[in-house]
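Going by full-length UniProt numbering, the residue at position 207 of the sequence shown is 207; the numbering climbs one at a time, nothing skipped.
Where is the CB? At the ideal position from N, CA and C, for every residue including glycine.
Only one structure is covered here, and it is reproduced in the block below.
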Amino acid sequence: MSHPTPIRILTVDDHPLMREGIAAVLQRQPDMQLVGEADSGAAAISAFRTLRPDITLMDLQMPGIDGLQAITTIRGESPGARLIVLTTYSGDAQAWHALKAGAAGYLLKSTLRTALLDAIRTVHAGGRWIPSEVAQTLARHAGQEMLTEREVAVLQRIAHGMSNREVAHGLSLTEDAIKARVKGILAKLGARDRTHAVTIALQRGLIQL
1 MSHPTPIRIL TVDDHPLMRE GIAAVLQRQP DMQLVGEADS GAAAISAFRT LRPDITLMDL
61 QMPGIDGLQA ITTIRGESPG ARLIVLTTYS GDAQAWHALK AGAAGYLLKS TLRTALLDAI
121 RTVHAGGRWI PSEVAQTLAR HAGQEMLTER EVAVLQRIAH GMSNREVAHG LSLTEDAIKA
181 RVKGILAKLG ARDRTHAVTI ALQRGLIQL
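So, in structure tokens, the structure goes:
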């Protein structure tokens, strides 16, 4: 009796312990096979080109080429690639960017023990995997205008305690231009003031400290 071809999996994470933990889980599954590991976005792209895995588990936060850039590159070269993001962030911004880049799954690292195998099988079968709490946050903010890259850069600096003048100097803009951008940021986030905007942005994963 022939056995079905196992799901071939590539794991990408810059933390060796995370990769080891995933490998330990996968090796006990008769329908899965770990075919490779990578510790950076650049290594992930190279490994994908060589191995052509069925499923790629992709960390987002990595030095150099990050997970989002790697997903974009891989999907650009192989539109049928099935990728599942591994992340510690439950905010909708990270999920929105990952799904827009072409990820078919979004898996919180805190749920790996209970959800990893189901997520892999679901995505391999052509489905999507999005945790309910992330899906609810995405739905809640659906239709809202996202912050631009420049607005994120402004808010990131505000989060580190910079004044409008300091932000303006760092971004080579006028102080009036920064004031106008802050006004736009508050409107998009529904924030009362700069501190409230930073709190919302951290919760949604728009910025990191």
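Just checking my contact of Gly64 with Gly41 at CB under 8 Å: how many whole Å lie between their CB atoms?
Indeed they touch by this definition, with Cβ atoms about 6 Å apart.
Please list the segments of the alpha helix (DSSP H) lying wholly inside the region 8-42, counting only runs of 4 or more residues, in order along the chain.
Listed in chain order, they are 16-26.
If you draw a straight line from the alpha carbon of Thr5 to that of Val134, how long is it in whole angstroms?
About 32 Å.
Using only CA atoms, which one of Gly190, Pro131, Ala191 lies nearest to Thr88?
Residue Pro131 is the option with its Cα nearest to Thr88.
Gly105 bridges to which residues according to DSSP?
DSSP output for Gly105 lists Ile84, Trp129 as bridge partner(s).
On the DSSP bridge list, what partners appear for Ile55?
Answer is Ile9, bridged to Ile55.
Measuring straight from C-alpha to C-alpha, what distance separates Leu86 and Gly126?
Leu86 and Gly126: Cα-Cα distance of roughly 18 Å.
Output needed for residue 210: all residues of its chain with C-beta closer than 6 Å, excluding positions within five of it in sequence on either side, in chain order.
The first residue shown for the chain is 1 and the last is 209, placing residue 210 beyond what the model contains.
Span of the alpha helix (DSSP H) holding His160?
Segment: none, His160 is in no alpha helix (DSSP H) and carries neither H nor E.
Since Val25 contacts Leu116 with CB under 8 Å, what's their CB separation in whole angstroms?
Contact flag correct, Cβ pair sits at about 6 Å.
Measuring straight from C-alpha to C-alpha, what distance separates His160 and Glu166?
So the alpha carbons of these two residues sit roughly 11 Å apart.
Quick check: the region 42-54 against the region 65-72, are there 3 or more CB pairs under 8 Å?
Yes, they touch.
For Arg140 and Val12, I'd like the C-alpha separation in whole angstroms.
Rounded to the nearest angstrom, the two C-alpha atoms are 30 Å apart.
What did DSSP end up calling Gly190 once you bin it into helix, strand or coil?
Of the three classes helix, strand and coil, the one that applies to Gly190 here is coil, per DSSP.
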